[in-house]
Each structure stands twice: as structure tokens, then as C-alpha cells.
Amino acid sequence: MKTETLALLEQYLEFLWRWNRIHSLSGAKTKEALWQNIQNSLEPLSIEGLGEQIQKKNLLLDIGSGNGFPAIPLGITLKIPTFLCEPNAKKVSFLQNCKAELNLKNFTILPQKIEEVTLQSLPDLITSRAVMSITALLNKTKKILQSQSLLVFYKGSQVIKEIPSNCVYEIYQKDLRKYFVIQGVTLCNG
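Each residue of the sequence shown is one higher than the last, beginning at 1258 in my numbering.
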């Protein structure tokens, strides 16, 4: 990882740490736990096959961005246009302040629900972490998908129970975190 990228990730950690102590944006209670969340956000980049696919993407849209996981670490590392979709006003305030303080010029905050989002260019990378079920995410993203869109959903141990029938997908695992990956408009036929 480049020195400038690492420095920016560390600035994000410090900024989130300050805000989290006042606004409870994350359940993480230590800087080490927050750093682990940053590492979990970046884990798909180190997974053989998946990391190479993600590196080729040009526009990231994150659904339910909240405290910035996984999109802020990914957007900082990938250096691509990154859209953070978050309807909660307190979390939007955090994201806007984070963007300003860290000078994240490639970031755009969308203070709305995913169903309301319209973009001039469709994302080819869509992420979400523990926001809603896979079925709900797939239904709400249909209008913004393209065939090249790669969806990477950060899920927990119950992910298997959420998968719709007739779905073509892959699941990668690191510790307790599971990364549910599906390719664009092929999605699910169930």
C-alpha cells in the first residue's frame, strides 16, 4: 500500500475515532477495532480473482454508507469516483465532514435512499455492509445496474439464509466476515 494511501486511511481512522466517541457511529470502542473495520473493508482487494476484478472498476456506489465502511477505505485505495448513499441525516453530516476534512475529491455524498438515486454514469462496483437482506439490495439496485456491475455485499454468518434461489454468486470468507459477490444484470432468476 502506498504511503499516501496509508496516511489517508490513518486520517480517516482518527476522524472516525473523534466522531464515534460523541455520535456512536460504530460499535467499535477502540482504535484497534476501528482499524480492523478498515482492514475488513479492504479485504476483498486481497482475495485472488476478486481483487483483480475490483481493481478494474471505475465507479463505486455504496449503499447505506453510515460510518463509511466499506466505501471510504475502498474509495481512498482505488482512487475512483465514489458515491456514498446514506439517508440518515446524522450519518450524512459525518460523511460530509469526513469528505471535507480528508479532502476526498473523488467522493460524492448522496443524502437519500437507494431507490431515489439517479446517476449520469452507472456504477460498475456496488458495495453494502450489513444494511439489508440480499433480496432487498438486489431489488433496490436493479435500475442502476449494468452488465459489468460487480456487487460486493459484506455479510455475516447468516448470509446463506438470505440468498435467493437460482442465484449465481460466490462467497469469500475472512474470519467471521463473508463477502457475497454477484455479477451485474445476470443476478438471480428466482
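We put the CB at the ideal spot given by N, CA and C, even for glycine.
Practice problem: From the DSSP output, in three-state form, read off glycine 1447 for me. | Solution: To locate residue 1447, count along the sequence shown from 1; it is residue 190. Because glycine 1447 sits at a pLDDT of 45, beneath the cut-off of 50, its placement in the model cannot be relied upon, and the following sentence gives the value as read from the coordinates. Residue state, collapsed to three classes: coil.
Quiz item: If you draw a straight line from the C-alpha of leucine 1318 to the C-alpha of lysine 1286, how long is it?
Solution: To locate residue 1318, count along the sequence shown from 1; it is residue 61. To locate residue 1286, count along the sequence shown from 1; it is residue 29. The alpha-carbon atoms of leucine 1318 and lysine 1286 are separated by roughly 27 Å.
Quiz item: With contact counted as at least three CB pairs below 8 Å, one residue from each stretch, are the stretch 1295-1315 and the stretch 1358-1373 in contact?
Solution: no
Quiz item: Once you ignore the five residues that flank serine 1378 on each side, which residues in its own chain have a CB closer than 7 Å to its CB?
Solution: Start at 1 with the first residue of the sequence shown, and residue 1378 comes out as number 121. Result list for serine 1378: Leu1316, in chain order.
Quiz item: Just reading off the beta strand (DSSP E) that phenylalanine 1410 is part of, what are its end residues?
Solution: Looking up residue 1410 in the sequence shown gives position 153. From DSSP, the beta strand (DSSP E) with phenylalanine 1410 extends over 1407-1412.
Exercise. Please say whether proline 1327 and threonine 1384 have beta carbons closer to each other than 8 Å?
Key: Position 127 of the sequence shown, counted from the first residue, corresponds to residue 1384. Position 70 of the sequence shown, counted from the first residue, corresponds to residue 1327. Cβ atoms of threonine 1384 and proline 1327: closer than 8 Å.
Quiz item: In chain order, what residues of the same chain lie with their CB nearer than 7 Å to the CB of tryptophan 1276, ignoring the 5 residues before and after it?
Solution: Here residue 1276 refers to the residue found at position 19 when the sequence shown is read from its first residue. Taken in chain order, the residues that qualify are Leu1282, Phe1351.
Quiz item: Based on Cα-Cα distance, which residue from Asn1345, Asn1360, Lys1400 lies nearest to isoleucine 1329?
Solution: Translated into the one-based positions of the sequence shown, residue 1329 becomes position 72. Looking at the Cα atoms, Asn1360 is the closest of the given residues.
Quiz item: Is it right to say glycine 1413 is buried, meaning 16 or more other beta carbons lie within 10 angstroms of its own, or is it exposed?
Solution: One-based indexing of the sequence shown puts residue 1413 at position 156. That one is exposed.
Self-check item: Proximity below 8 Å, CB of glycine 1368 to CB of valine 1349
Solution: What you label residue 1368 is simply residue 111 of the sequence shown in a count that begins at 1. What you label residue 1349 is simply residue 92 of the sequence shown in a count that begins at 1. In the sequence as displayed, the identity of residue 1368 is proline instead of glycine. Result yes, Cβ atoms of proline 1368 and valine 1349 sit closer than 8 Å.
Quiz item: What are the partner residues of tyrosine 1429, as DSSP defines its beta bridges?
Solution: Here residue 1429 corresponds to residue number 172 of the sequence shown, with the count starting at 1. DSSP output for tyrosine 1429 lists Tyr1436 as bridge partner(s).
Quiz item: Rounded to whole angstroms, how far is the Cβ of leucine 1299 from the Cβ of leucine 1331, which I believe are closer than 8 Å?
Solution: Residue numbering aside, residue 1299 sits at position 42 when the sequence shown is read from its first letter. Residue numbering aside, residue 1331 sits at position 74 when the sequence shown is read from its first letter. The Cβ separation is near 7 Å, so the contact holds.
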